[in-house]
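Here the structure is laid out as structure tokens; the discussion comes afterwards.
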Amino acid sequence: MPEELYEIDESVPRNTVEEYLRMDRMPHIWCPGCGIGTTVNCFAHALETSGLDLQKVAIVSGIGCTGRVAGYIKLDSFHTTHGRAIPFATGLKLANPELKIVVYSGDGDLTAIGGNHFIHAARRNVDMTVILINNFIYGMTGGQVAPTTPLTATATTTPHGNFEQSFNLPYLAESCGAVYVARWTSYHVRHVTKSIKEALAKKGFSFVEILAPCPTLYSRRNKLGDGLDQMIYYKESSEIRNGADTKTIPLEFQGKIVVGKFVDKERPTYVDTMNEYFQKKLGDKYKTYNG
Amino acid sequence: MKADPIGVSTGAHFIDGDHACSEGALAAGCRFVAGYPITPSTEVVERIAERFPFVGGIFIQMEDEIASSIAIQGAVWGGKKAMTVTSGPGFSLMMEHIGLAAMTETPCVFVDVQRAGPSTGLPTQPAQGDMMQARWGSHGDYGIIALSPNSPQECFDLIIKAFNLSEQYRVPVMFMMDECVGHMTERVVVPPANEIEIYPRRFYDGPKEDYLPFKANDDLVPDMVKAGDGYNIHVTGLTHDERGYPSMTVATQEKLVHRLVNKIRLNADKIIEYKEDGVENADVVLVTYGITSRTAIPAIEQARAEGMKVGHLRLVVVWPFPEQRIRELAAKVKAFVVPEINYGQMVLEVERCAGGKARVELVPHGGGTVHNPKDIYNVIKRCAKG
Chain C
1 MPEELYEIDE SVPRNTVEEY LRMDRMPHIW CPGCGIGTTV NCFAHALETS
51 GLDLQKVAIV SGIGCTGRVA GYIKLDSFHT THGRAIPFAT GLKLANPELK
101 IVVYSGDGDL TAIGGNHFIH AARRNVDMTV ILINNFIYGM TGGQVAPTTP
151 LTATATTTPH GNFEQSFNLP YLAESCGAVY VARWTSYHVR HVTKSIKEAL
201 AKKGFSFVEI LAPCPTLYSR RNKLGDGLDQ MIYYKESSEI RNGADTKTIP
251 LEFQGKIVVG KFVDKERPTY VDTMNEYFQK KLGDKYKTYN G
Chain F
1001 MKADPIGVST GAHFIDGDHA CSEGALAAGC RFVAGYPITP STEVVERIAE
1051 RFPFVGGIFI QMEDEIASSI AIQGAVWGGK KAMTVTSGPG FSLMMEHIGL
1101 AAMTETPCVF VDVQRAGPST GLPTQPAQGD MMQARWGSHG DYGIIALSPN
1151 SPQECFDLII KAFNLSEQYR VPVMFMMDEC VGHMTERVVV PPANEIEIYP
1201 RRFYDGPKED YLPFKANDDL VPDMVKAGDG YNIHVTGLTH DERGYPSMTV
1251 ATQEKLVHRL VNKIRLNADK IIEYKEDGVE NADVVLVTYG ITSRTAIPAI
1301 EQARAEGMKV GHLRLVVVWP FPEQRIRELA AKVKAFVVPE INYGQMVLEV
1351 ERCAGGKARV ELVPHGGGTV HNPKDIYNVI KRCAKG
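The listed protein sequences correspond, in order, to chains C and F. Under this note's numbering, the first sequence has 131 at position 131, and the numbering climbs by one with no breaks. So the number in this note's numbering is just where the residue sits in the second sequence, counting from 1, plus 1000.
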């Protein structure tokens, strides 16, 4: 594409989120109609208003379309291996507990190949915010079935439709011990921003699932129209039900989407628990761990 | 700089190689260990878990070896010196993250207390079957460093060297123990902290606006910062430019991978360490490493007593391999004898460097125990005659 396409018209007011993005890496790789960029916009707004010292916030991604988020955010950012953002983030957090850690990755990355790490980080209550973009599919590799693909939906590796039960992720996160659990769609930009901001303010394992359209692979193969059509579906089929029992909110193919904040509780984090336990057990000989 | 005394148990100890490895890591300044239990390496993390609460370290038993091998890398970017500890099956699971550490130039140490494989093999018994895997196990081209201790004392001394080399060259360093060395109990002398030399992390100290995270110095190694320092670094396993930004071009790939390989290759003389005994004027030279360097000694002594001219070259640093030294010796000796507890791994390097100028004989062993020195002696004798 010609260079002049990216020239900035100084007369147009700048989007304030640009300060939080690596503008020298634009344009990004996401397809037209993809919902990931919308969530990044929400995330940047959440950072903007979070009151956090952004020098002490780090973002970690795995691999995939959402895995590219870390590369566009102007924070200390780590683009790791497929599925392993959470254990990397665990090491980073434990090495320096004063850092605020955000894991930003996709449904396949975090709940298939990385599923084991997801449940254990939630169990340990490692202090991190996990933002999971659920587009029901492996996007980067061309639209294969994921643990989140709804029953009967078509993917390249389920050409006759998916017959596997999919994950109800808020229920999974809550059962494993997450202190904050919410689900939104990329249609709910204000809710997403607020929810990410709340999650960032939590101590412990906070989890925000955001449904996002993949028009190129998921919508097209399932004859669901383009990105806008998915947004209309999100708008018309979502029901905000804060505090809903996570057991009752599985997703179905083009079915009703229960969104909202489902869990918001307190539980001592991994490092706090360790310090408290060792102080009690080992007394003055214990060197309180603070990084 | 010198070691922080808080981690150093100065004095004489009667401990096994696994425990000595833990003490060495503590002395080296390691304060983050992630591991997953696996025989015969578990004692390393058990001692770490016992000791760390008193020295300000943090040990976490992760959910698997894959998690362990990347948690340590997160910890390094958080500012800690870090290692993970495993054995064959776990080492296999860690391969992808050895590549990540190489690609992102994350200094860290992987301890592999080798047991007999393949697969679950003989979990409680020794082998040296992971030597090529340590060098080549992750996909793509990169350089690493590997060391092979032959005693508990060396488990202590060389793990410090392993940490120092990892910091100096910003590479993952493989610490290739084996079940025998790991479970052998001997006297281990831990020197005072002020006698232990520590290579500090290469933190950048130039003007902030000039910093390029992957711009190398003259020795091909870039300076590092850590998360939270205010540099907004980007670190990726994708092919990246000096800014750390993904750049998927042939030119960037060539430049980056060339440097990752060359920073070990061109610094090899500074990294390589081997010990020689009676190599000058020898007809037959044994090339050994790890526990095999000790089982070879009775064979060498017997052959010498019978008048054979036998030398011994023991690899302390296994990778990079001392190519030049083997080439020199190949021009002088009749034969190299390479006993290994595998079916021929490092012997391939010896053969390659000997280049047909000297005979190269493997003394193989399938694993489960060490060589009978008689088997090594027989090969020495055959080579000395021929």
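Backbone N, C-alpha and C fix where the C-beta goes; we use that ideal spot for every residue, glycine too.
7 Å Cβ cut-off: residues of chain C touching residue i
i          : result
Gly1230(F) : Gln55
His1097(F) : Thr81
Contacts that residue i makes with chain F (C-beta to C-beta distance below 8 Å)
i         : result
Tyr286(C) : Pro1053, Phe1054
Gly92(C)  : Per the sequence shown, the amino acid found at residue 92(C) is Leu instead of Gly. Residues of chain F passing the Cβ test: Gly1074, Ala1075, Trp1077, Gly1078, Ala1227.
Ala173(C) : Chain F residues near Ala173(C): none, gap ~16 Å exceeds 8 Å.
Ser77(C)  : Asn1232, Ile1233, His1234, Val1235
Phe278(C) : Pro1053
Under 9 Å by beta carbon: chain F residues contacting residue i
i         : result
Leu99(C)  : Gly1078, Ala1227, Gly1228
Leu282(C) : Pro1053, Phe1054
Phe262(C) : What Phe262(C) touches in chain F: nothing, since even the nearest Cβ is about 25 Å away.
Other residues of its chain near residue i: CB distance less than 6 Å, five sequence neighbours each side excluded
i          : result
His1097(F) : Ser1069, Ile1070
Thr38(C)   : Ser186
Ser1293(F) : Asn1150, Arg1314
Cys1030(F) : Lys1081, Met1083
Same chain, Cβ closer than 7 Å to residue i, neighbours up to 5 away in sequence not counted
i          : result
His45(C)   : Val17, Thr193
Tyr1377(F) : Ala1299, Gln1302, Ala1303
Gly1117(F) : Gly1088, Ala1127, Gly1129
Lys203(C)  : Asp127, Thr269
Gly143(C)  : Ile137, Ala155, Thr156, Leu217, Tyr218, Arg221
Met1(C)    : Residue placement at Met1(C) cannot be trusted, given a pLDDT of 47 that sits under 50; what the coordinates show is reported in the next sentence. Same-chain partners within the cutoff: there are none.
Gly1137(F) : Met1095, Ile1098
Phe118(C)  : Ile86, Leu110, Thr111
Gly1244(F) : Pro1213, Phe1214, Ile1233, His1234, Val1235, Thr1236
Own chain partners of residue i with C-beta closer than 8 Å, once the 5 adjacent residues on each side are dropped
i          : result
Gly1386(F) : Lys1334, Ala1335, Arg1359
Pro121(C)  : What sits at residue 121(C) in the sequence shown is Ala, not Pro. Excluding positions up to five away in sequence, the list reads Ile86, Pro87, Ala89, Thr90, Met128, Val130, Phe205.
Gly114(C)  : Gly62, His82, Gly83, Arg84, Ala85, Ile86, Ser105
Contact list for residue i against chain F, beta-carbon separation under 7 Å
i         : result
Gly71(C)  : His1234, Thr1236, Pro1246
His120(C) : Glu1063
Tyr289(C) : Gly1056, Ile1058
Ala112(C) : Chain F residues near Ala112(C): none, gap ~14 Å exceeds 7 Å.
Lys223(C) : Going along chain F, no residue has its Cβ under 7 Å from Lys223(C), so there is no contact; the nearest lies around 33 Å.
Cβ neighbour criterion (16 or more within 10 Å) applied to residue i
i          : result
Thr49(C)   : exposed
Arg124(C)  : buried
Leu282(C)  : exposed
Asn15(C)   : exposed
Gln1345(F) : buried
Leu1266(F) : exposed
Ile1159(F) : buried
Gln165(C)  : exposed
Ile1015(F) : buried
Ala1251(F) : exposed
Given residue i as reference, the closest of the options once Cα atoms are compared
i          : options                                        : result
Met1001(F) : Asp1016(F), Ala1027(F), His1019(F), Glu1280(F) : Ala1027(F)
Leu211(C)  : Glu7(C), Asp272(C), Val40(C)                   : Val40(C)
Thr248(C)  : Tyr233(C), Asp264(C), Asn168(C)                : Asn168(C)
Asp1112(F) : Gly1140(F), Tyr1036(F), Gln1061(F)             : Tyr1036(F)
Ala199(C)  : Ala155(C), Glu239(C), Leu132(C), Asn116(C)     : Leu132(C)
Gly1230(F) : Tyr180(C), Gln55(C), Glu10(C)                  : Gln55(C)
Lys265(C)  : Lys285(C), Gly243(C), Glu252(C)                : Gly243(C)
Thr1124(F) : Ala1003(F), Gly1355(F), Ser1041(F), Lys1275(F) : Ser1041(F)
Lys93(C)   : Thr1084(F), Ile1066(F), Trp1077(F)             : Trp1077(F)
Leu228(C)  : Ser237(C), Gly291(C), Asp53(C), Pro215(C)      : Pro215(C)
Gly1206(F) : Ile1196(F), Asn1217(F), Glu1197(F)             : Asn1217(F)
Asp1269(F) : Gly1290(F), Val1318(F), Met1308(F), Val1235(F) : Val1318(F)
Ala1227(F) : Asp1064(F), Ala1075(F), Gly1057(F), Thr1039(F) : Ala1075(F)
Val1370(F) : Ala1296(F), Ala1305(F), Gly1355(F)             : Ala1296(F)
Gln1253(F) : Glu1280(F), His1240(F), Tyr1142(F)             : His1240(F)
Amino acids of chain C, ordered along the chain, whose beta-carbon sits closer than 9 Å to that of residue i
i          : result
Ile1066(F) : Thr81, Gly83, Arg84, Pro87, Asn116, His117
Within chain C, partners of residue i - CB distance below 8 Å
i          : result
Phe1032(F) : Gly91, Leu94, Ala95
Ile1070(F) : Thr80, Thr81, Arg84, Pro87, Phe88, Gly91
Leu1100(F) : Thr80, Thr81
Closer than 7 Å: residue i CB and nearest the ligand NAP heavy atom
i          : result
His1240(F) : Although the ligand NAP was asked about, the structure shown includes no ligands whatsoever.
Between the region 124-158 of chain C and chain F, which residues of the former have a C-beta closer than 7 Å to a C-beta of the latter?
Against chain F - using a Cβ distance shorter than 7 Å - the region 124-158 of chain C contributes no residues.
For the region 238-254 of chain C, list every residue whose C-beta sits within 8 Å of some C-beta in chain F, in sequence order.
Going along the region 238-254 of chain C in chain order, one finds no residue with a Cβ nearer than 8 Å to chain F.
Any C-beta of chain C within less than 7 Å: which residues of the region 1238-1253 of chain F qualify?
Within the region 1238-1253 of chain F, the qualifying residues are Leu1238, Tyr1245, Pro1246.
Identify each residue in the region 1034-1063 of chain F for which the Cβ-Cβ distance to at least one residue of chain C is less than 7 Å, and report them in chain order.
Taking 7 Å as the upper bound on Cβ-Cβ separation, chain C lies near residues Ala1034, Pro1053, Phe1054, Val1055, Gly1056, Ile1058, Ile1060, Met1062, Glu1063 of the region 1034-1063 of chain F.
Select from the region 184-211 of chain C all residues with a C-beta closer than 7 Å to any C-beta belonging to chain F, and list them in chain order.
So the list is empty, because no residue satisfies the distance condition.
Can you give me, in chain order, the residues of the region 19-46 of chain C that have a beta carbon less than 7 Å from any beta carbon in chain F?
Answer in chain order: Arg25.
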